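Visitor:
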Amino acid sequence: MGIILIGERINGSFKDVGKAIQEKNKAVIREWVSKQAAPGANYLDVNMGAASRSVDDFAWLVETVAEATTLPLSLDCNRLDMFSTGLKTYRNTVGPDRPVIINSTTAEDSKLVPLLEMAAEYKAWILGLVMDDTGSPQDVDRRIELGGKILAAAMDAGLTPDQIILDPIVMPVKFMQDQARNVLLAVQQLATLSDPPPHISIGLSNVASKTEQKKLINRTFLVMAMAMGVDTAIVNVCDEELMQAIATAEILLGNEIYSDAYLKAYRQR
Amino acid sequence: MIPDTKKPWSGRINTVTIGATPAEGGTRATTVTIGGSGTLPYLAFDGPTSPAVAAMEVWDVYPQDWPDMLKEAFGDAMKDPASWAKACCAMGADVICLRLAGCHPDRGDRSPQQAAEAVKQVLQAVSVPLIILGSGNAEKDNDVFPAVAEAAAGENCLIGTITEKNYKTLTAVCTAYKHKVIAESPCDVNIAKQVNILAQDMGFPVENIVLYATTAALGYGLEYIYSVMERARLAGLKGDKMLAQPMLCDVGLEVWAVKEARVSEAEIPEWGAQSHRAPLWEAATAAVYLVSGGDLVILRHPEALRAVKRSVLELSGTPVAAATV
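Residue numbers (my numbering), protein chains in the order written: chain H, 54 to 322; chain Y, 161 to 485.
Given below as structure tokens:
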């Protein structure tokens with residue numbers, strides 16, 4: 054019940070976080086932990102961005118975040134050695150039971166196979182982007198084909214659908230306007246791949262990239278995507294209007310019971 | 161590969177403890193904890209369940225308009241709330257519910273001090289936990305609740321009710337004197353949620369609230385209440401903290417107001433003996449609410465109490481022959 058919100062803000066691409074990673078400044082990171090926990094993040098994404106390429110820095114960042122919260126993390130990178138070290142550090146810090154997401158794999162075997170092995174070893178969920186070495190698909194069918202491949206491989210590796218998240222890959226509307234609709238159609242079909250279905254996630258902020266109405270486009274698209282079946286999203290949970298739109302969508306979709314103070318109830322959920 | 165489709169509930173119903181022993185700052189010999197279900201009522205194979213608790217109702221004044229057969233069940237004990245409460249405990253009540261009916265402007269308009277005195281008498285007479293209900297007149301109850309909550313300070317009572325339109329006074333005094341609160345909503349799950357949010361907004365923990373979706377007697381719209389309770393419980397089990405409260409059913413009040421319980425055999429012979437029919441109506445009404453998620457039922461007739469306790473044991477899988485009811 055309810056969308057799973059992954060807080061996007063601990064990302065080295067943001068200047069303050071990037072600087073904190075380089076200077077090993079725990080206070081800045083901890084502040085973003087509590088700032089995202091307060092409005093109701095369910096997971097915290099941990100991403101070094103361009104701030105560092107060092108495995109040790111990633112381990113430091115994972116440990117810093119994990120020890121500052123009881124929330125589970127989404128380890129966000131694209132190198133196998135970083136995942137391996139990040140997951141090991143995470144388990145050493147929080148023990149065997151707290152959930153964690155490997156964010157992300159693609160449908161390429163060279164990533165998918167070893168990451169699924171790590172998912173099994175570290176009891177992690179896996180987030181799969183529906184792309185491969187030929188790049189991001191432009192049409193719906195290719196998205197479904199690659200989503201199906203990731204889902205089947207993950208289930209063969211012992212994961213259940215509720216431990217698998219498929220991401221149809223959101224594109225900037227400013228540059229690829231027809232892709233927004235293709236993503237929505239893909240969401241609808243990905244949800245029918247298995248019963249129970251896998252989670253379906255979008256990395257929201259990409260849709261509004263370089264636009265002048267970022268927040269409005271973000272929240273409008275997320276609400277549309279939720280109606281199609283998206284139940285996980287990497288978002289800025291500190292965007293109050295976005296959170297209100299999500300709360301309202303949960304009511305309109307019947308995922309939460311209405312009350313006059315439903316916005317307050319959602320904030321305190 | 162066929163996945164395992166069993167879905168665990170993500171939420172759990174809160175537990176609410178009523179009463180306080182001397183070690184906890186009160187004078188009760190026992191406390192009662194309701195709630196705690198992790199699945200639908202009595203589905204023990206699926207998760208933790210929480211058998212319902214039965215309270216018996218006493219009044220601060222003699223209940224003049226109760227049917228004779230109900231009065232006969234207690235006789236002279238009804239003359240004062242203390243002896244009435246004692247009689248209820250002797251009959252097996254786990255909790256006493258004192259309804260301050262005499263404080264209603266149309267039923268004696270007793271003062272807050274008199275109400276507080278009645279509470280003290282009952283607390284002295286019995287050692288089980290206490291539920292305290294107002295008269296149903298919101299304005300008067302707001303005068304009465306502060307005195308009553310203070311008189312019962314330390315006893316961890318369950319006091320009701322707060323509503324969407326009238327919640328501030330009782331919520332405040334229950335915060336001050338550390339009592340639990342009954343949140344009432346008129347057969348409406350949206351308002352049930354709203355009242356809880358309002359109480360929480362005043363700093364009152366939703367974990368100390370018991371949800372009362374109102375009650376209807378069998379044959380008088382019981383299905384509607386059943387559905388509301390079911391929706392609230394499903395939402396609570398799915399993780400909605402604003403609907404994860406244990407639920408109360410005020411059964412005796414409703415059942416003994418309808419003709420199926422009040423009419424004598426002489427008036428409608430084909431309905432059979434009232435002495436059998438009326439408690440059965442009360443017990444049957446309560447039994448329905450047990451399976452819709454009722455955690456605490458308030459009853460009036462000793463035969464209904466016995467039948468409900470038996471139902472709870474049966475639903476919980478306890479062999480009734482071995483039970484002492």
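Yeah, the Cβ is synthetic: ideal placement off N, Cα and C, and Gly gets one too. All figures in this text were calculated on a predicted structure; none of them were measured in a lab.
Just to make sure I have the definition right: I need the residues of chain H whose C-beta is within less than 8 angstroms of the C-beta of Leu403/Y. Which are they?
Guide: The sequence position of residue 403/Y within the second sequence is 243, counting from 1. Within 8 angstroms Cβ-Cβ: Ile310.
Visitor: Using the Cβ count rule (16 or more neighbours within 10 Å means buried), how would you classify His339/Y?
Guide: Taking the second sequence and counting its residues from 1, one reaches residue 339/Y at position 179. Buried: at least 16 other Cβ atoms inside 10 Å.
Visitor: In chain Y, which residues lie with their C-beta within 9 angstroms of the C-beta of Arg322/H?
Guide: Residue 322/H sits at position 269 when you count from the first residue of the first sequence. In chain order: Gly399, Asp400, Lys401 and Met402.
Visitor: In angstroms, rounded to a whole number, what distance separates the CA positions of Thr484/Y and Ala314/H?
Guide: In the second sequence, residue 484/Y corresponds to position 324, counting from 1. In the first sequence, residue 314/H corresponds to position 261, counting from 1. Unreliable positioning characterises Thr484/Y in this predicted model, as indicated by a pLDDT of 48, which lies under 50. A coordinate reading is not provided.
Visitor: The alpha helix (DSSP H) that contains Glu299/Y, what's its start and end?
Guide: Along the second sequence, read from residue 1 onward, the residue named residue 299/Y stands at position 139. Run containing Glu299/Y: Ala298 to Ala311, per the alpha helix (DSSP H) assignment.
Visitor: Below 7 angstroms on C-beta distance, what does Ala318/H contact in chain Y?
Guide: In the first sequence, residue 318/H corresponds to position 265, counting from 1. What Ala318/H touches in chain Y: Lys353, Ile357 and Met402.
Visitor: For Thr273/H and Met296/H, what's the separation of their Cα atoms in angstroms?
Guide: Walking along the first sequence from the start, residue 273/H turns up at place 220. Walking along the first sequence from the start, residue 296/H turns up at place 243. Between Thr273/H and Met296/H, the C-alpha separation is close to 12 angstroms.
Visitor: What is the DSSP secondary structure of Gly195/Y, counted as helix, strand or coil?
Guide: Here residue 195/Y refers to the residue found at position 35 of the second sequence. Reduced to three states, the DSSP call for Gly195/Y is strand.
Visitor: Tell me the rounded alpha-carbon separation between Ala242/Y and Val308/Y.
Guide: Stepping through the second sequence from its first residue, residue 242/Y is reached at position 82. Stepping through the second sequence from its first residue, residue 308/Y is reached at position 148. Answer to the nearest angstrom: the Cα atoms are 16 angstroms apart.
Visitor: Please compile the residues from chain Y whose C-beta is within a distance smaller than 7 angstroms of the C-beta of Asp150/H.
Guide: Along the first sequence, one-based indexing puts residue 150/H at 97. Chain Y residues near Asp150/H: none, gap ~14 angstroms exceeds 7 angstroms.
Visitor: Of all the options Ile299/H, Asp248/H and Pro190/H, which has the alpha carbon lying nearest to the alpha carbon of Asn341/H?
Guide: Past the edges of chain H, shown from 54 to 322, lies residue 341/H, and the structure says nothing about it.
Visitor: DSSP state of Thr484/Y, grouped into three classes?
Guide: For this step, residue 484/Y is matched to residue 324 along the second sequence. Here Thr484/Y scores only 48 on pLDDT, less than 50, and its place in the model is too uncertain to base an answer on.
Visitor: How about Ala261/Y and Arg267/Y: are their beta carbons less than 7 angstroms apart?
Guide: As a working note, residue 261/Y is residue 101 in the second sequence. As a working note, residue 267/Y is residue 107 in the second sequence. Yes, Cβ-Cβ distance for Ala261/Y and Arg267/Y is below 7 angstroms.
Visitor: State the Cα-Cα distance for the pair Ser170/Y and Glu76/H, rounded to the nearest angstrom.
Guide: In the second sequence, counting from the first residue as 1, residue 170/Y sits at position 10. In the first sequence, counting from the first residue as 1, residue 76/H sits at position 23. Near 40 angstroms, if we compare the C-alpha coordinates of Glu76/H and Ser170/Y.
Visitor: With three or more C-beta pairs closer than 8 angstroms as the rule, is the region 430-447 of chain Y touching the region 389-398 of chain Y?
Guide: The region 389-398 of chain Y, when compared against the region 430-447 of chain Y, does not touch it at the 8 angstroms Cβ threshold.
Visitor: So with CB distances below 8 angstroms, who are the chain H contacts of Gln360/Y?
Guide: What you label residue 360/Y is simply residue 200 of the second sequence in a count that begins at 1. Going along chain H in sequence order, the residues near Gln360/Y (Cβ under 8 angstroms) are Gln321.
Visitor: Are any of the Cβ atoms in chain Y nearer than 7 angstroms to that of Ala94/H?
Guide: Taking the first sequence and counting its residues from 1, one reaches residue 94/H at position 41. No, Ala94/H lies away from the interface with chain Y (no Cβ there is under 7 angstroms from its Cβ).
Visitor: Tell me which residues share the same chain as Val279/Y and place their Cβ nearer than 7 angstroms to its Cβ, disregarding the 5 neighbours each side in the sequence.
Guide: Residue mapping note: residue 279/Y aligns to position 119 of the second sequence, counting from 1. So the list reads Leu258, Ile292, Val308, Ala311 and Ala312, once near-sequence residues are dropped.
Visitor: Give me the chain Y residues within the contact set of Asp313/H, using Cβ-Cβ distance strictly less than 7 angstroms, ordered along the chain.
Guide: Reading the first sequence from its first residue, position 260 is the one you call residue 313/H. Here the neighbours are Gln354.
Visitor: Thinking C-alpha only, which one of Met277/H, Gln266/H and Ile63/H is nearest Asp98/H?
Guide: Here residue 98/H corresponds to residue number 45 of the first sequence, with the count starting at 1. Of the listed residues, the one whose Cα sits closest to Asp98/H is Ile63/H.
Visitor: Tell me whether Ser247/H sits in a helix, a strand or coil according to DSSP, three-state version.
Guide: Position 194 of the first sequence, counted from the first residue, corresponds to residue 247/H. Note: Ser247/H maps to coil in three-state DSSP.
Visitor: Assuming contact is defined by CB atoms lying nearer than 7 angstroms, are Val192/Y and Val370/Y in contact in what I supplied?
Guide: In the second sequence, residue 192/Y corresponds to position 32, counting from 1. In the second sequence, residue 370/Y corresponds to position 210, counting from 1. In this structure, Val370/Y does not lie closer than 7 angstroms to Val192/Y by Cβ.
Visitor: With 7 angstroms as the threshold, decide whether the Cβ of Val341/Y is near any Cβ in chain H.
Guide: Against the second sequence, residue 341/Y aligns to sequence position 181. It does not: the Cβ of Val341/Y has no partner Cβ on chain H nearer than 7 angstroms.
Visitor: Counting pairs of beta carbons, one from the region 409-420 of chain Y and one from the region 473-481 of chain Y, are three or more of them closer than 8 angstroms?
Guide: At 8 angstroms Cβ cutoff, the stretches do not touch.
Visitor: Once you ignore the five residues that flank Tyr327/Y on each side, which residues in its own chain have a CB closer than 8 angstroms to its CB?
Guide: Walking along the second sequence from the start, residue 327/Y turns up at place 167. Ala343, Val355, Leu358, Ala359 and Met362.
Visitor: Give a yes or no on whether the minimum CB-CB distance between Asn302/Y and chain H is below 7 angstroms.
Guide: Residue numbering aside, residue 302/Y sits at position 142 when the second sequence is read from its first letter. By this cut-off, Asn302/Y is not an interface position.
Visitor: Name the DSSP beta bridge partners of Gly186/Y, please?
Guide: For the purposes of this step, residue 186/Y is taken as the residue at position 26 of the second sequence. Paired residues: none, contrary to the question.
Visitor: Would Ile179/H pass as a contact of Thr285/H if the rule is Cβ separation under 7 angstroms?
Guide: Working through the first sequence from its first residue, we reach residue 179/H at position 126. Working through the first sequence from its first residue, we reach residue 285/H at position 232. The answer is no: Cβ separation not under 7 angstroms.
Visitor: Tell me whether Arg106/H sits in a helix, a strand or coil according to DSSP, three-state version.
Guide: Working through the first sequence from its first residue, we reach residue 106/H at position 53. Residue state, collapsed to three classes: coil.
Visitor: Say whether chain H places a C-beta atom closer than 7 angstroms to the C-beta of Tyr388/Y.
Guide: Taking the first residue of the second sequence as position 1, residue 388/Y is located at position 228. Reading off the sequence shown, one finds Val at residue 388/Y, where the question assumed Tyr. It does not; no Cβ of chain H falls within 7 angstroms.
Visitor: What separation, rounded to the nearest whole angstrom, lies between the Cα atoms of Asn100/H and Val304/Y?
Guide: Residue 100/H sits at position 47 when you count from the first residue of the first sequence. Residue 304/Y sits at position 144 when you count from the first residue of the second sequence. Approximately 58 angstroms between the Cα atoms of the pair.
Visitor: Between which two residues does the beta strand (DSSP E) containing Asp455/Y stretch?
Guide: Counting from one through the second sequence, the residue named residue 455/Y turns up at place 295. Counting along the chain, the beta strand (DSSP E) containing Asp455/Y begins and ends at Gly454 to Leu459.
Visitor: Could you tell me the alpha carbon to alpha carbon distance between Leu305/H and Met281/H, rounded to whole angstroms?
Guide: One-based indexing of the first sequence puts residue 305/H at position 252. One-based indexing of the first sequence puts residue 281/H at position 228. The alpha-carbon atoms of Leu305/H and Met281/H are separated by roughly 13 angstroms.
Visitor: Roughly how far, in whole angstroms, is the beta-carbon of Gly93/H from the beta-carbon of Glu303/H, given that I think they are within contact range, below 8 angstroms?
Guide: Locating residue 93/H in the first sequence gives position 40, counting from the first residue. Locating residue 303/H in the first sequence gives position 250, counting from the first residue. In fact, because the Cβ distance is near 11 angstroms, the residues do not count as touching under 8 angstroms.
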